[in-house]
Amino acid sequence: MPQNIVVLTGAGVSAESGLGTFRDTGGLWTQYDLAEVATPGGFARNPALVHDFYNARRANMRAAAPNAAHVALARLQRDWPRARTGGRVTLVTQNIDDLHERGGAPAVIHMHGELNRALCAACDARWEAPPRTDPADACPGCGAAATRPDVVWFGEVPYHMPVIGAALSTADLFVAIGTSGAVYPAAGFVAEATAQGADTLEINLDPSDTAAAFAAHIHGPASATVPAWVSGLFEAARAR
Ligand code: APR
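According to this note's numbering, the sequence shown is numbered sequentially starting from 34.
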């Protein structure tokens with residue numbers, strides 16, 4: 034019975050809410066050149082294209098609703114401390130959408146940033162993003178027209194790594210949900226957790242690139258598999 038659980042989610046947890054994944058058939062990286070819309074070089078070359086890309090994803094996000102997987106993970110994070118005295122659930126997401134929060138999750142760690150936040154490339158000021166951002170937007174802090182999405186691009190350092198590392202070091206169970214395991218450092222979390230003795234579980238539509246690194250697997254759509262898994266945890270805690 035795990036006490037401290039670290040959950041890592043990827044685009045697959047939001048797929049049934051209608052938000053595209055990246056590497057599945059028809060995924061975002063089959064529609065856009067990631068070098069042009071998700072790297073500092075792409076932003077420098079064509080900031081308008083990058084703003085358009087994230088404006089479209091922000092509109093899709095705001096039109097989408099959390100699914101049963103988001104709601105189940107929110108229940109787990111909220112209620113697990115009562116079910117397992119002192120138990121803790123750390124919810125880390127690679128996703129930049131806000132569906133975990135809108136599903137009720139009390140504390141979400143966005144290691145790749147958030148569509149709902151804007152960043153000044155000149156002074157590092159951050160603010161809540163309007164529905165649409167534009168390269169001409171002036172920074173509310175320094176006034177420079179250097180607005181960018183507060184999203185971690187390829188080649189940049191993911192956010193909150195010290196907090197994530199600390200959670201992995203004390204986890205009894207590490208669970209990856211809806212992620213291909215194609216991008217580091219997130220893809221390396223399973224090895225970090227395993228090295229310190231945690232159990233590991235992959236919940237995914239089908240085996241990911243890092244499936245072999247996990248001790249256990251549940252395959253199927255997250256909106257079905259995640260609620261069932263969460264309910265099973267609470268039933269086992271009650272049975273103790
Ligand atoms: N339920 C569960 N899993 C699903 C579902 C679903 N309904 N639909 C798709 N999946 C799985 C796919 O099988 C795949 O393994 O979700 C995974 C999505 O993989 P990716 O598209 O690579 O997305 P992700 O793993 O989140 O990408 C990681 O790469 O491009 C960067 O910054 C971006 O955060 C992203 C990172």
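The C-beta atom is built at its ideal place from N, Cα and C for all residues, glycine as well. In this text the structure is predicted, and so the values were computed from the model without any measurement.
Query: Inter-residue Cα distance where the pair is residue 48 and residue 260; Result: 15 Å
Query: Opposing strand residues paired with residue 160 [DSSP bridges]; Result: 151
Query: Whole runs of the alpha helix (DSSP H) within the stretch 107 to 147, excluding any shorter than 4 residues; Result: 132 to 135
Query: In chain order, each beta strand (DSSP E) run of at least 3 residues that lies wholly inside the stretch 162 to 225; Result: 180 to 184 and 206 to 210
Query: Cβ contact (3+ pairs, closer than 8 Å) linking the stretch 209 to 225 and the stretch 239 to 248; Result: yes
Query: Runs of alpha helix (DSSP H) lying entirely within the stretch 80 to 106, each at least 4 residues, in chain order; Result: 80 to 96
Query: Stretch pair the stretch 130 to 146 + the stretch 71 to 87: three plus CB contacts closer than 8 Å; Result: no
Query: Cβ neighbours of residue 232 in the same chain (closer than 7 Å, five flanking residues each side left out); Result: 35, 205, 206 and 248
Query: Residue 207 Cβ short of 7 Å to ligand 1 heavy atom set; Result: no
Query: When 237, 163, 147 and 267 are compared against residue 212, the one with the closest alpha-carbon; Result: 237
Query: Sequence-distant residues of its chain with Cβ nearer than 6 Å to residue 131 (five each side left out); Result: 149
Query: CA-to-CA distance, residue 254 to residue 113, given in whole angstroms; Result: 23 Å
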